[in-house]
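A.B. asks: Residue numbers (this note's numbering): 2 to 206.
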Amino acid sequence: MTNKISHLIAGVSLSALVLAGCSPDNENDSNNSESTSAASSTAETSESTAAADKDLTFEDAVVRANEDKDMTAIFGTLVNHSDEDIEITGFSTNLDAEMNQIHETVDGQMREKSSPLVIKAGESHELAPGGDHFMLMGMKEGIMPGDSLELKVTLSGGDEMDLGPIQSRTMGAGDEDYGDMDGMDHDHSGHDHSGKDDEKENHTH
2 MTNKISHLIA
12 GVSLSALVLA
22 GCSPDNENDS
32 NNSESTSAAS
42 STAETSESTA
52 AADKDLTFED
62 AVVRANEDKD
72 MTAIFGTLVN
82 HSDEDIEITG
92 FSTNLDAEMN
102 QIHETVDGQM
112 REKSSPLVIK
122 AGESHELAPG
132 GDHFMLMGMK
142 EGIMPGDSLE
152 LKVTLSGGDE
162 MDLGPIQSRT
172 MGAGDEDYGD
182 MDGMDHDHSG
192 HDHSGKDDEK
202 ENHTH
């Protein structure tokens, strides 16, 4: 009887040791899995929060490469993530240009916009060839395909918002015709936004 009890106690002790030896590893595996999931969730939350914190973003933005021209344009979609309208009164870049203007299309002709560019709350506004766009004129140097441009927009309250960098690429010309543009001293004759000579725009002053 004593031997049976001894064997039984030894068996129970051995089982306890086996369980004790296995438990930490299993707990570690579980903890590691939970830690990995938590880290991934935290990263995703941080990215979402960062996007939500930025009231205005510029999606699918592109600068038209102008190589040998002294003008270029910026296109893309401005997205207002806030619950209030955003008014853009101007913009600036890291390029040396004599004039930075917001252009619009009126009766088929491009001209400088006389009022702020408004992006409604929770909506978007597209800047596209033949429509509204940001225009740089009198550039000292061209921008080549693959080059980047830093863009900041000025809001109606005077604050600036960084929307760059934006990459440049070669683009075809839009249906763009420039009429009389008051206050422009720079000669734009023969310019097209694509940087190509086979399609000319009319610029009269």
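We put the beta carbon where it would ideally sit given N, CA and C, even for glycine.
1) Roughly how many whole angstroms lie between the Cα atoms of residue 76 and residue 151?
2) Where residue 88 and residue 82 are concerned, what is the direct C-alpha to C-alpha distance, given to the nearest angstrom?
3) Are the CB atoms of residue 64 and residue 133 nearer to each other than 9 Å?
4) Between residue 66 and residue 130, which are expected to be in contact by the criterion C-beta below 8 Å, what is the C-beta distance as a whole number of angstroms?
5) Can you list the beta strand (DSSP E) stretches of 3 or more residues lying completely in the stretch 99 to 169, in chain order?
6) Taking residue 140 and residue 72 to be in contact with their CB atoms under 8 Å, please state how far apart those CB atoms are, rounded to whole angstroms.
7) DSSP puts residue 72 in a beta bridge; with which residues?
8) Note down the Cα distance separating residue 96 from residue 108, rounded to an integer number of angstroms.
9) Would residue 113 and residue 120 qualify as a contact pair, given that the criterion is a beta-carbon distance under 9 Å?
10) Can the beta-carbon of residue 207 be found less than 9 Å from the beta-carbon of residue 136?
11) Using 9 Å as the threshold, is the C-beta distance between residue 153 and residue 93 below it?
12) In chain order, what residues of the same chain have a beta carbon less than 7 Å from the beta carbon of residue 98, not counting five sequence neighbours either side?
13) For residue 62 versus residue 164, is the C-beta spacing smaller than 9 Å?
14) Please report how far the alpha carbon of residue 155 lies from the alpha carbon of residue 170, in whole angstroms.
15) Following the continuous beta strand (DSSP E) through residue 57, name the residue where it begins and the one where it ends.
16) Can you tell me whether DSSP reads residue 189 as helix, strand or coil?
17) Between which residues of its own chain and residue 86 is the CB-CB distance below 8 Å, once the five residues before and five after are set aside?
C.D. replies: So, from the listed chains and residues:
1) As a position in the sequence shown, residue 76 is number 75, starting the count at 1. As a position in the sequence shown, residue 151 is number 150, starting the count at 1. Going from the Cα of residue 76 to the Cα of residue 151 covers about 13 Å.
2) Mapped onto the sequence shown, residue 88 falls at position 87. Mapped onto the sequence shown, residue 82 falls at position 81. Residue 88 and residue 82: Cα-Cα distance of roughly 13 Å.
3) In the sequence shown, counting from the first residue as 1, residue 64 sits at position 63. In the sequence shown, counting from the first residue as 1, residue 133 sits at position 132. For residue 64 and residue 133, no; Cβs fall outside 9 Å.
4) By 1-based counting over the sequence shown, the position of residue 66 is 65. By 1-based counting over the sequence shown, the position of residue 130 is 129. Not really, about 13 Å apart at Cβ, beyond 8 Å.
5) 110 to 113, 118 to 120, 125 to 128, 134 to 140, 152 to 156, 161 to 163
6) Numbered from 1 along the sequence shown, position 139 holds the residue referred to as residue 140. Numbered from 1 along the sequence shown, position 71 holds the residue referred to as residue 72. Going by Cβ atoms, the distance from residue 140 to residue 72 rounds to 7 Å, so yes, they are a contact pair.
7) Your numbering for residue 72 matches position 71 in the sequence shown. Answer is 138.
8) Position 95 of the sequence shown, counted from the start, is the residue given in the question as residue 96. Position 107 of the sequence shown, counted from the start, is the residue given in the question as residue 108. Each residue's Cα considered, the two are about 30 Å apart.
9) The residue labelled residue 113 in the question sits at position 112 within the sequence shown. The residue labelled residue 120 in the question sits at position 119 within the sequence shown. For residue 113 and residue 120, no; Cβs fall outside 9 Å.
10) Not covered by the structure: residue 207. The range shown for the chain is 2 to 206.
11) For the purposes of this step, residue 153 is identified with residue 152 of the sequence shown, where counting begins at 1. For the purposes of this step, residue 93 is identified with residue 92 of the sequence shown, where counting begins at 1. Yes, Cβ-Cβ distance for residue 153 and residue 93 is below 9 Å.
12) Reading the sequence shown from its first residue, position 97 is the one you call residue 98. Excluding residues within five positions, the ones whose Cβ falls inside 7 Å are 137, 138, 139, 140.
13) The sequence position of residue 62 within the sequence shown is 61, counting from 1. The sequence position of residue 164 within the sequence shown is 163, counting from 1. Yes, the Cβ-Cβ distance between residue 62 and residue 164 is below 9 Å.
14) As a first step, residue 155 must be located in the sequence shown, where it is residue number 154. As a first step, residue 170 must be located in the sequence shown, where it is residue number 169. Rounded to whole angstroms, residue 155 to residue 170 spans 25 Å at the Cα level.
15) For this step, residue 57 is matched to residue 56 along the sequence shown. That run of the beta strand (DSSP E) goes 57 to 65.
16) As a first step, residue 189 is located in the sequence shown; it is residue number 188 there, counting from the start. At residue 189 the pLDDT is 41, less than 50, meaning the model places this residue with poor confidence; the figure from the coordinates comes in the next sentence. In this structure, residue 189 counts as coil in the three-state DSSP scheme.
17) For the purposes of this step, residue 86 is taken as residue 85 along the sequence shown, with counting starting at 1. Around residue 86: 119, 120, 121, 122.
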